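Trainee: Below are the structure tokens for one structure; questions will follow.
Protein chains: 2
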Amino acid sequence: MSKGKLQIIPLGGLGEIGKNMTVVRYGNEIIVIDCGLSFPEDDMLGIDLVIPDITYLLENRDLVKAIFLTHGHEDHIGALPYVLKQLTVPVYGTRLTLGILEGRLKENGVANSSLVAVKPGDQIQAGAFKVGFIKVSHSIPDAVALSVRTPVGTIVHTGDFKLDQTPVDNRVTDFHRFAELGDQGVLVMLADSTNAERPGFTASERAVGATFDDAFRKARDRIIIATFSSNVHRIQQAIDTACKFKRKVAILGRSMVNVANIALEQGYLNAPEGVIIDVDEINNYPASQVVIMTTGSQGEPMSALSRMAMSDHKKVDIVPGDTIIISATPIPGNEKMVSRTIDYLLRQGADVIYEATSGIHVSGHASQEELKLMHNLVRPKFFIPVHGEFRHLVKHAKLAQDLGMPKENVFVAENGHVLEFSPDKGAMTGKVTAGKVLVDGLGVGDVGNIVLRDRRQLSQDGILIVVVTMDKQRACVVAGPDIVSRGFVYVRESEQLMDEAREKVKHTLEKYETGGITEWSTIKTGVRDTLGKFLYERTRRRPMILPIIMEV
Amino acid sequence: MSKGKLQIIPLGGLGEIGKNMTVVRYGNEIIVIDCGLSFPEDDMLGIDLVIPDITYLLENRDLVKAIFLTHGHEDHIGALPYVLKQLTVPVYGTRLTLGILEGRLKENGVANSSLVAVKPGDQIQAGAFKVGFIKVSHSIPDAVALSVRTPVGTIVHTGDFKLDQTPVDNRVTDFHRFAELGDQGVLVMLADSTNAERPGFTASERAVGATFDDAFRKARDRIIIATFSSNVHRIQQAIDTACKFKRKVAILGRSMVNVANIALEQGYLNAPEGVIIDVDEINNYPASQVVIMTTGSQGEPMSALSRMAMSDHKKVDIVPGDTIIISATPIPGNEKMVSRTIDYLLRQGADVIYEATSGIHVSGHASQEELKLMHNLVRPKFFIPVHGEFRHLVKHAKLAQDLGMPKENVFVAENGHVLEFSPDKGAMTGKVTAGKVLVDGLGVGDVGNIVLRDRRQLSQDGILIVVVTMDKQRACVVAGPDIVSRGFVYVRESEQLMDEAREKVKHTLEKYETGGITEWSTIKTGVRDTLGKFLYERTRRRPMILPIIMEV
Numbered sequence: 001m002s003k004g005k006l007q008i009i010p011l012g013g014l015g016e017i018g019k020n021m022t023v024v025r026y027g028n029e030i031i032v033i034d035c036g037l038s039f040p041e042d043d044m045l046g047i048d049l050v051i052p053d054i055t056y057l058l059e060n061r062d063l064v065k066a067i068f069l070t071h072g073h074e075d076h077i078g079a080l081p082y083v084l085k086q087l088t089v090p091v092y093g094t095r096l097t098l099g100i101l102e103g104r105l106k107e108n109g110v111a112n113s114s115l116v117a118v119k120p121g122d123q124i125q126a127g128a129f130k131v132g133f134i135k136v137s138h139s140i141p142d143a144v145a146l147s148v149r150t151p152v153g154t155i156v157h158t159g160d161f162k163l164d165q166t167p168v169d170n171r172v173t174d175f176h177r178f179a180e181l182g183d184q185g186v187l188v189m190l191a192d193s194t195n196a197e198r199p200g201f202t203a204s205e206r207a208v209g210a211t212f213d214d215a216f217r218k219a220r221d222r223i224i225i226a227t228f229s230s231n232v233h234r235i236q237q238a239i240d241t242a243c244k245f246k247r248k249v250a251i252l253g254r255s256m257v258n259v260a261n262i263a264l265e266q267g268y269l270n271a272p273e274g275v276i277i278d279v280d281e282i283n284n285y286p287a288s289q290v291v292i293m294t295t296g297s298q299g300e301p302m303s304a305l306s307r308m309a310m311s312d313h314k315k316v317d318i319v320p321g322d323t324i325i326i327s328a329t330p331i332p333g334n335e336k337m338v339s340r341t342i343d344y345l346l347r348q349g350a351d352v353i354y355e356a357t358s359g360i361h362v363s364g365h366a367s368q369e370e371l372k373l374m375h376n377l378v379r380p381k382f383f384i385p386v387h388g389e390f391r392h393l394v395k396h397a398k399l400a401q402d403l404g405m406p407k408e409n410v411f412v413a414e415n416g417h418v419l420e421f422s423p424d425k426g427a428m429t430g431k432v433t434a435g436k437v438l439v440d441g442l443g444v445g446d447v448g449n450i451v452l453r454d455r456r457q458l459s460q461d462g463i464l465i466v467v468v469t470m471d472k473q474r475a476c477v478v479a480g481p482d483i484v485s486r487g488f489v490y491v492r493e494s495e496q497l498m499d500e501a502r503e504k505v506k507h508t509l510e511k512y513e514t515g516g517i518t519e520w521s522t523i524k525t526g527v528r529d530t531l532g533k534f535l536y537e538r539t540r541r542r543p544m545i546l547p548i549i550m551e552v
Numbered sequence: 001m002s003k004g005k006l007q008i009i010p011l012g013g014l015g016e017i018g019k020n021m022t023v024v025r026y027g028n029e030i031i032v033i034d035c036g037l038s039f040p041e042d043d044m045l046g047i048d049l050v051i052p053d054i055t056y057l058l059e060n061r062d063l064v065k066a067i068f069l070t071h072g073h074e075d076h077i078g079a080l081p082y083v084l085k086q087l088t089v090p091v092y093g094t095r096l097t098l099g100i101l102e103g104r105l106k107e108n109g110v111a112n113s114s115l116v117a118v119k120p121g122d123q124i125q126a127g128a129f130k131v132g133f134i135k136v137s138h139s140i141p142d143a144v145a146l147s148v149r150t151p152v153g154t155i156v157h158t159g160d161f162k163l164d165q166t167p168v169d170n171r172v173t174d175f176h177r178f179a180e181l182g183d184q185g186v187l188v189m190l191a192d193s194t195n196a197e198r199p200g201f202t203a204s205e206r207a208v209g210a211t212f213d214d215a216f217r218k219a220r221d222r223i224i225i226a227t228f229s230s231n232v233h234r235i236q237q238a239i240d241t242a243c244k245f246k247r248k249v250a251i252l253g254r255s256m257v258n259v260a261n262i263a264l265e266q267g268y269l270n271a272p273e274g275v276i277i278d279v280d281e282i283n284n285y286p287a288s289q290v291v292i293m294t295t296g297s298q299g300e301p302m303s304a305l306s307r308m309a310m311s312d313h314k315k316v317d318i319v320p321g322d323t324i325i326i327s328a329t330p331i332p333g334n335e336k337m338v339s340r341t342i343d344y345l346l347r348q349g350a351d352v353i354y355e356a357t358s359g360i361h362v363s364g365h366a367s368q369e370e371l372k373l374m375h376n377l378v379r380p381k382f383f384i385p386v387h388g389e390f391r392h393l394v395k396h397a398k399l400a401q402d403l404g405m406p407k408e409n410v411f412v413a414e415n416g417h418v419l420e421f422s423p424d425k426g427a428m429t430g431k432v433t434a435g436k437v438l439v440d441g442l443g444v445g446d447v448g449n450i451v452l453r454d455r456r457q458l459s460q461d462g463i464l465i466v467v468v469t470m471d472k473q474r475a476c477v478v479a480g481p482d483i484v485s486r487g488f489v490y491v492r493e494s495e496q497l498m499d500e501a502r503e504k505v506k507h508t509l510e511k512y513e514t515g516g517i518t519e520w521s522t523i524k525t526g527v528r529d530t531l532g533k534f535l536y537e538r539t540r541r542r543p544m545i546l547p548i549i550m551e552v
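Keeping their order, the protein sequence lines are chains X and A. Note that UniProt numbering has the first sequence beginning at 1, numbered continuously upward. Note that UniProt numbering has the second sequence beginning at 1, numbered continuously upward.
Here is the structure:
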């Protein structure tokens, strides 16, 4: 890299939701901001999760000084269990963030990691970088933005944020610090673009409290609230409202129980003695005195709420009279699952309060007016929109230009782009390896395009396996051909088709026998082509056809 | 059925989007309203489309007098190519509806159907039923509601509708006829619930014309508009705006070309001589004089717009300066595909105008205030909400009750429920077969739960095929075991795993050989269990395992 220049290299989070990760490099020193996962796209069949490709960091492993975390959401910390197996560096984050991370590391058998807790206002020196932590509001407590002082200038990375003027925990965003940094001069800002399309201000988290209040007042029997497991503020408001209406609260769903326990322990969640009860105790109270907080607000098929909706939960049955509050908005791609869950809950006679019909959820991300305020406080010379689909980045870039920033100072980048800055110039100067690493079970990165292509073909029309045992010497069939299919047609009702298919294969094999052809690959191709054509004509389907020749 | 009673039996369209179909029966006479398809759910892998199960109609085939259509959308006519192969009855619909249907029937090789064109205001006697056609507004021209006079009372079925006060074709909804029917007394109303969650009024289609006007004014170069292929009003407004700005219009995408040709022929679409050009001519004009109307507003991977976005279209390349208008809203489930298309178009440097950032689309369905007006005009005694997810039906039912209808007169039903009416009583009296028939290629109904379950398993972790040739007499292995996998792991990088797997199988087979066990099913189960356990331990994946024994 050019001497005396500062590089910012996003390895994830641009042009996508999730998988947030940014590299900052000066000379031979690197720090990393966040290390998140994302969830698989629809065409990534069988994939559990997706993490950033960290080839660049592994190639420069000796230069990496530390990883700094902005908050405890999966899309900011979720790749660490994988990355820390390959890279031994200290990780800095606030207490709740590290509390959640510790659980994840333990689940994944990562020991000996060096986690260092910081507080908003702290400053950490890491090589040439001085990293400061700045309080912001988000849909999880203890979220921070970062300031990074470098020899070239100061970077501000907002992390995920909103400017909630009345946060539930009263810990207001540190406007003063952003203003101070703006006064001192900021070279580059990277800022959350998730809600760059939304005009106005994002409503305060407290608005949900008011809606809870209404809903609790109307509900006669049991109340079940589903939300994101890490939304501690939301859980707090449910507890507060429950206290007001003299109800007990049971928390259900492994991930929410984990987060709630950490948050209670660390004081980010507060409940008067005796309010929180075990889920096994709910039947000791009349329905009118019970609130169940649970997961499944995205309609995830295995979640507690989905199981209840499908009458498949061990401990909770939905009964008429239940009021169910889905306190979340469907993440893009989850709309149909959420909708299906609502329908099943309604079929069971429950009252369901959900987003389309009420103000039961607010976003954790800044809308346009908040973004403008952030830009005007920080007054950066250069700007890199981060966190969002490409169209969010474009929209955020336009917003910055509307505020007066010259077009050439705004960088709508892609993951892996190297953005290089001197005190008065910024440019895209190169590219490094960046991309998606797919995690499937214990396999990290072993499922690639070929495996996915096969899964896609298998998922569409299934597979036909043609097995034949041949005598290599005499080039003749000893057993078979046998045809086995899965996912193609219902075999019991398609005997004729399968018989005809077998005849086709037999006929093809006889041709090769007569011709004395013993090239297995020629025979396989012949079988595949003949059979593929026959089946397409008869069914308009293209199953995978797998000829196997056993040699005796 | 009870003598002198009227039955209404929904066979589709309740608790789901699409696949609309309603049976009306009096004594031994049946008529059917609409006959639509729906698109497969995410878990219906490889399925092309879904049609209603018409077992009930086939069991009563001699009673079915006719099918009546409300409009030409796929979810109202799309199952006819399949149903008319099994059921020979006349089909009544307006001209555009039948024009579109004819194309579908021809594509599917259905000849000799008896299609009868009607006009709004017409009345058709079919057995004991007198069916009237009432003009309504919708996102396709020539849409009608139906009145059905029966010996028990009058039914009103709204079809899909909105109450557009300023429709593009100036054919305003026949409010007078609804009022007249209401005056004369209506026994049962079935009404569109799609937008029952939306407060207020749905904006007029003309609002989109104003947005087009703005967009055309700002665009310097080429304009590309994507919308639903059957939205003739939208195409008309694009043509009108193009004329105003002296641009030519090329229509691209097979389905849109088909509909536009029918609509032009029948006079539902009007374009001055020379305005519509062939897509091959677009390069004869400067970019500033060209508009391309196309399909792909849902991000469908094979559509014209998606191909353009991916630089994969034969005739049109996206270039910086292009303005692309996505004049549609994503249908639930399509959000991510639409979003991906927008991102790729932006990456190519185009300006993209889409729903989240503009008023570039209006719905074709009535919002709450329009629904209320319809209820107050028709004043039915009984009400059945139709067309919508279960939650939309529930919402629409509540709306009817808010308007004063007694709860027991409102029926939130499921497909297959038999709703029976006398002049003063309505009740759910039974159930008939109803459900989804899956169409996959040429197969109608041959893909069921077993095939789908296999496709799902194959799609998640692939398949391992274990082949071994055995000598039945001597109960010993003659060739193999060979293991072939697809969609499980990338084989070239997993040789060790596959070798170990083969050893495991060998070991298992040896055990059986030693034991003299020749029960193929025992051996297969043993192989499957051993291998499944081994692979899960090593990979945390559960591929389908298919042991095949060839006997010599």
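A virtual CB, placed ideally from N, CA and C, is assigned to each residue, including glycine. Please read all numbers here as calculations on a predicted model, not as lab measurements.
Counting contacts by CB-CB distance shorter than 7 angstroms, is V484 (chain A) in contact with chain X?
Mentor: It does: the Cβ of V484 (chain A) has a partner Cβ on chain X nearer than 7 angstroms.
Trainee: Along chain X, which residues have their Cβ under 7 angstroms away from the Cβ of L58 (chain A)?
Mentor: The contacting residues do not exist; L58 (chain A) stays about 18 angstroms from chain X at best.
Trainee: Buried or exposed: P301 (chain X), going by 16 or more other Cβ atoms within 10 Å of its Cβ?
Mentor: Looking at its Cβ environment, which holds fewer than 16 other Cβ atoms inside 10 Å, P301 (chain X) is exposed.
Trainee: DSSP has K431 (chain X) in a bridge; who is on the other side?
Mentor: The partner list for K431 (chain X) (beta bridge, DSSP) reads X:H417.
Trainee: According to a CB-to-CB cut-off of less than 9 angstroms, which residues of the stretch 463–479 of chain A neighbour chain X?
Mentor: Residues passing the 9 angstroms Cβ filter: I463, I465, V467, V468, T469, V478, A479.
Trainee: Exposed or buried, E74 (chain X), counting other C-beta atoms within 10 Å across all chains shown (16 or more means buried)?
Mentor: Classification of E74 (chain X): buried, given that the 10 Å Cβ count is 16 or more.
Trainee: Count the other CB atoms, across all protein chains shown, that sit within 10 Å of the CB of L442 (chain X); report buried if there are 16 or more and exposed otherwise.
Mentor: Under this definition L442 (chain X) is an exposed residue.
Trainee: Can you give the Cα-Cα distance for residue 553 (chain A) and G153 (chain X), rounded to whole angstroms?
Mentor: Nothing about residue 553 (chain A) can be read from this structure; chain A reaches only from 1 to 552.
Trainee: Suppose the cutoff is 6 angstroms on Cβ atoms and the five residues either side in sequence are ignored; what does the same chain contact list for G487 (chain X) look like?
Mentor: Answer for G487 (chain X): G462, listed in chain order.
Trainee: To be precise: take each residue of the stretch 378–404 of chain A, compare its Cβ to all Cβ atoms of chain X, and keep it if any distance is under 7 angstroms. Which residues remain?
Mentor: Taking 7 angstroms as the Cβ-Cβ cut-off against chain X, the residues of the stretch 378–404 of chain A that qualify are E389, F390, R391, V394.
Trainee: What residues in its chain sit with their C-beta under 7 angstroms from that of S229 (chain A), if we drop five residues either side in the sequence?
Mentor: G253, S255, M256, V259, T295.
Trainee: So the candidates are X:R234, X:L403, X:L438; which of them puts its Cα closest to the Cα of G448 (chain X)?
Mentor: Here the closest residue by C-alpha is X:L438.
Trainee: Going by the CB atoms, is the gap between H313 (chain A) and G13 (chain A) shorter than 7 angstroms?
Mentor: Against a cut-off of 7 angstroms, the Cβ pair of H313 (chain A) and G13 (chain A) comes out as no contact.
Trainee: Examine chain X for any beta-carbon lying closer than 7 angstroms to the beta-carbon of M550 (chain A), and answer yes or no.
Mentor: With 7 angstroms as the cut-off, M550 (chain A) counts as an interface residue toward chain X.
Trainee: Would you grab the beta carbon distance between V412 (chain A) and A434 (chain A) for me? Rounded to a whole angstrom, and I think it's under 8 angstroms.
Mentor: In fact, because the Cβ distance is near 16 angstroms, the residues do not count as touching under 8 angstroms.
Trainee: Verify the CB distance criterion: does Y82 (chain X) have a CB-CB separation below 7 angstroms to chain A?
Mentor: Y82 (chain X) does not count as touching chain A.
Trainee: Taking beta-carbon pairs under 7 angstroms, can you tell me which members of the stretch 319–338 of chain A lie near chain B?
Mentor: Within the model displayed, chain B is absent; protein chains X and A are what it includes.
Trainee: Cα-Cα, which of X:Q496, X:F175, X:D440 is closest to S137 (chain X)?
Mentor: Checking every option, the nearest Cα to that of S137 (chain X) belongs to X:F175.
Trainee: Measure from the C-beta of D446 (chain X) to each C-beta in chain A and report whether the shortest distance is under 7 angstroms.
Mentor: It does; some Cβ of chain A falls within 7 angstroms.
Trainee: Give me the residue from X:L96, X:E510, X:F212 with the minimum Cα distance to E265 (chain X).
Mentor: That would be X:L96, whose Cα lies nearest to the Cα of E265 (chain X).
Trainee: Among the residues of its own chain, which have a CB less than 7 angstroms from the CB of V208 (chain A), if the five just before and after it don't count?
Mentor: Excluding sequence neighbours, V208 (chain A) sits near R234, Q237, S327, I360, H361, V362.
Trainee: For F129 (chain X) versus I31 (chain X), is the C-beta distance shorter than 7 angstroms?
Mentor: Result yes, Cβ atoms of F129 (chain X) and I31 (chain X) sit closer than 7 angstroms.
Trainee: Under 8 angstroms, with one C-beta from each stretch per pair, do the stretch 465–485 of chain X and the stretch 505–521 of chain X reach the 3-pair mark?
Mentor: Counting Cβ pairs under 8 angstroms, three or more are found: they touch.
Trainee: Measure the C-alpha to C-alpha separation of A304 (chain X) and L531 (chain A) and round it to an integer number of angstroms.
Mentor: Spanning the two alpha carbons is a distance of roughly 32 angstroms.
Trainee: Span of the alpha helix (DSSP H) holding L399 (chain A)?
Mentor: From DSSP, the alpha helix (DSSP H) with L399 (chain A) extends over 390–402.
Trainee: Just to confirm the assignment: which complete alpha helix (DSSP H) runs, minimum length 4, are found wholly within the stretch 298–355 of chain X?
Mentor: DSSP runs (the alpha helix (DSSP H)) wholly in the stretch 298–355 of chain X: 304–309, 335–347.
Trainee: I'd like the ranges of any alpha helix (DSSP H) spanning at least 4 consecutive residues and lying wholly in the stretch 237–276 of chain A.
Mentor: If we require 4 residues or more, the alpha helix (DSSP H) runs fully inside the stretch 237–276 of chain A come out as 254–266.
Trainee: Look at the alpha carbon of I9 (chain X) and the alpha carbon of L190 (chain X), and state the distance between them as a whole number of angstroms.
Mentor: If you take the alpha carbons of I9 (chain X) and L190 (chain X), they lie about 11 angstroms apart.
Trainee: Using the DSSP secondary-structure output, state which residues sit across from L438 (chain A) in a beta bridge.
Mentor: In DSSP, L438 (chain A) forms a bridge with A:V50.
Trainee: Are the CB atoms of L458 (chain A) and L458 (chain X) nearer to each other than 7 angstroms?
Mentor: Their beta carbons are under 7 angstroms apart, which means L458 (chain A) touches L458 (chain X) by this criterion.
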